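In this note's numbering, the protein residues as written are 0 to 621.
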């Protein structure tokens, strides 16, 4: 196995490039090396793990690192499958500095043993984005048509959309190339706004890459099977098949994928109508879950996607086949939750329309769904008028007498208008939704901002939380919007929650720094250190690096106490829900009583206790 990490540095100002090698042991992957490079050069880094191209399933994620335009701190985002083609360049990482004078495409190709070909070519984005399929899809079509003939093997394209130019949370999209054509299986590095960083800070609207280079990747299945049999009493493929059941098809719930299983098991934990559901009675939440979700939204998904077996992978061979589709529409839980029930949408046709429009424009889907649902509630409450947002109507935002098909489509079309208003500048998110909310609140009253649920970081940083009704989703971690926190549903005292969050961050760093998909985490978190030890003799040093990297990231932790009353209510309503479920303990009752007496003061204490648990856990020297 190669004992170095090879980094291609590209200065997009003048197209100067060079390759530099880093010793495995000094760094282990795209996260710890990306943290080093981002700190030294302010670079945007795109790379793969040491096991990319190997026989290990899920090992071909493409990891993006750098300083996030929307979060403000160091951030990590990942994209499924795109590392498999990246491995054909014969490098571990691309590090981008400088800024192209005009929006451009970055072309990377490596033919056999020759050095990497690097070109930076201007693009007419104002034309390309608004022709054909539109946005990222038109850009991918254009780049594919222009450059595909240069590649011996199928390349891969990273593309941005108008959201990357007009907001701080534009994502990076890609699709696998199948049988000589672009597929419909969108994969995203959405969270963190790295599309905005790529375009606004470096002038690159798209990257196309590929090659014929063959690395000395680990391919010895007999040896791998022996490792897995020693730990799990089953071979690698069997273990991976077992732990990816949820993402493929779970017979216990007669559905599959994150969308299917999460909604099938949600019960009374529904988040709908911009989190208003948190304050509903248990009976109403269960009624809406039964009639709107189980009886329609999930039912459509099961009939149209699960029963017809419309599923695919992200571009690498994988037993999970987690990409659930209906024709060109890909169904993941969190985008179809924020631009679904959270935005008052409970019908697949309506959710498809809004999600596809957001994807075409290149938004981080989870974040933009949180913004749309917030603005919809402000319209419904009369704190904003349609003219304020450049839209034509108010939403239908009450579960009573709600027409699932008609009113869902009404809300979806309104959401599409909001997206267009963001791109057009009427809803000005150039500096982020948090700053926009402050500006609106100064003009129209603080109640408007108090309806927005987000985590805050430093002066302008913001992130819509993951869609799980649990305090971990709002924790003061150095990186939020990913799963660097505990999102289990049980009550954990806040100090302990901070410690558990820290443990989850360490575990997630193991798989991110190795470029492994978290859907395979139930073996990867345990096995990766052993694999590194077997291949490099550096298993303990790898774990030391993980702990050191976590402490370095946390050393920049500038999380800000929850800024809105809806955030306080998020915690308080979680505690009330657990009371409904029969929880009764001294520690739990203490916090429940505190939130009932003074929600803001209790929230501050709760937040600080989580923060203390994080800080005492993520220290370089404990």
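The beta-carbon is built from N, C-alpha and C at its ideal position, and this holds for glycine as well.
Since the structure is predicted, the reported quantities are computational estimates derived from the model, not experimental observations.
Margin query: Which residue marks the beginning of the beta strand (DSSP E) containing residue 61, and which one marks its end?
Written below: 61–66
Next item on the list: Report the residue from 396, 22, 377 and 282 whose alpha carbon sits nearest the alpha carbon of residue 343.
Entry: 396
Margin query: Report the start-end ranges of each beta strand (DSSP E) in the segment 209–243 that is 3 residues or longer and not cut off at the edges.
Written below: none
Margin query: Determine whether the beta carbon atoms of residue 453 and residue 369 lie at a separation below 8 Å.
Written below: yes
Notebook entry, point to check: Shortest alpha-carbon distance to residue 479 belongs to which of 490, 495 and 462?
Noted result: 462
Note to self: Relative to the C-alpha of residue 23, which candidate in 376, 502 and 32 has its C-alpha closest?
What the structure shows: 32
Next item on the list: Report all residues from its chain with a CB closer than 7 Å to the CB of residue 373; omit the five preceding and five following residues, and keep chain order.
Entry: 273, 450 and 451
Check: How is residue 156 classed by DSSP in three states: helix, strand or coil?
Finding: strand
Check: Quick one: is residue 312 buried, meaning 16 or more other Cβ sit within 10 Å of its Cβ, or exposed?
Finding: buried
Margin query: Which residue marks the beginning of the alpha helix (DSSP H) containing residue 528, and which one marks its end?
Written below: 520–535
Check: Under a Cβ-count criterion, where at least 16 other Cβ atoms within 10 Å of its own Cβ denotes burial, should residue 127 be classed as buried or exposed?
Finding: buried
Check: How is the beta strand (DSSP E) around residue 462 delimited, first residue to last?
Finding: 460–462
Notebook entry, point to check: Given that a residue counts as buried once 16 or more other Cβ atoms are within 10 Å of its Cβ, and exposed if not, what is residue 129?
Noted result: exposed
Next item on the list: Alpha carbon to alpha carbon, how far is residue 244 from residue 78? Give it in angstroms, no decimals.
Entry: 21 Å
Item checked: Same chain only: Cβ atoms within 6 Å of residue 633, ignoring 5 sequence neighbours per side -> Outside the shown range of the chain (0 to 621) lies residue 633, about which nothing can therefore be said.
Margin query: Pop quiz: residue 248 and residue 335 are said to be a contact at Cβ under 8 Å. What is the actual Cβ separation, rounded to whole angstroms?
Written below: Contact flag wrong, Cβ pair sits at about 18 Å.
Margin query: Can you tell me whether residue 680 is buried or exposed? The criterion is at least 16 other CB atoms within 10 Å of its CB, across all chains shown.
Written below: In this structure the chain extends from 0 to 621, so residue 680 is not present and cannot be described.
Margin query: DSSP three-state label for residue 9, please.
Written below: strand
Check: Taking buried to mean at least 16 other C-beta atoms within 10 Å of its own C-beta, is residue 25 buried or exposed?
Finding: exposed
Item checked: Reduced DSSP secondary structure (H/G/I, E/B, other) of residue 577 -> helix
Margin query: Does the distance between the C-beta of residue 162 and the nearest non-hydrogen atom of the ligand GTP fall short of 7 Å?
Written below: By its list of ligands, the structure shown contains no ligand whatsoever, and the ligand GTP lies outside what it can speak to.
Note to self: With distance defined between alpha-carbon atoms, name the residue in 171, 67, 200 and 203 nearest to residue 188.
What the structure shows: 171
Next item on the list: Report the residue from 235, 289 and 576 whose alpha carbon sits nearest the alpha carbon of residue 530.
Entry: 235
Check: Which word fits residue 384, buried or exposed, when buried means at least 16 other C-beta atoms lie within 10 angstroms of its C-beta?
Finding: exposed
Margin query: Within 8 Å, do at least three Cβ pairs link the segment 202–216 to the segment 102–117?
Written below: yes
Next item on the list: Tell me whether residue 79 sits in a helix, a strand or coil according to DSSP, three-state version.
Entry: coil
Next item on the list: Below 7 Å CB to CB, which residues in the same chain sit around residue 393 once its five sequence neighbours on both sides are set aside?
Entry: 378, 379 and 385
Notebook entry, point to check: So, are the CB atoms of residue 617 and residue 550 less than 8 Å apart?
Noted result: yes
Checklist line | Whether residue 573 touches residue 602 by CB criterion (8 Å) | finding: no
Note to self: By alpha-carbon positions, which one of 17, 519 and 275 ends up nearest to residue 569?
What the structure shows: 275
Note to self: Going by DSSP, what residue range makes up the beta strand (DSSP E) through residue 108?
What the structure shows: 103–109
Next item on the list: Label residue 109 either buried or exposed according to how many other C-beta atoms from any shown protein chain fall within 10 Å of its C-beta, with 16 as the threshold for buried.
Entry: buried
Margin query: Between 18, 353 and 460, which has its C-alpha nearest residue 408's C-alpha?
Written below: 353
Next item on the list: Please report how far the alpha carbon of residue 578 lies from the alpha carbon of residue 512, in whole angstroms.
Entry: 39 Å
Margin query: Spatial neighbours of residue 40 within its chain, please: C-beta separation below 6 Å, excluding the five flanking residues on both sides.
Written below: 96
Next item on the list: Just tell me which of 502, 178, 252 and 114 has its CA closest to the CA of residue 87.
Entry: 114
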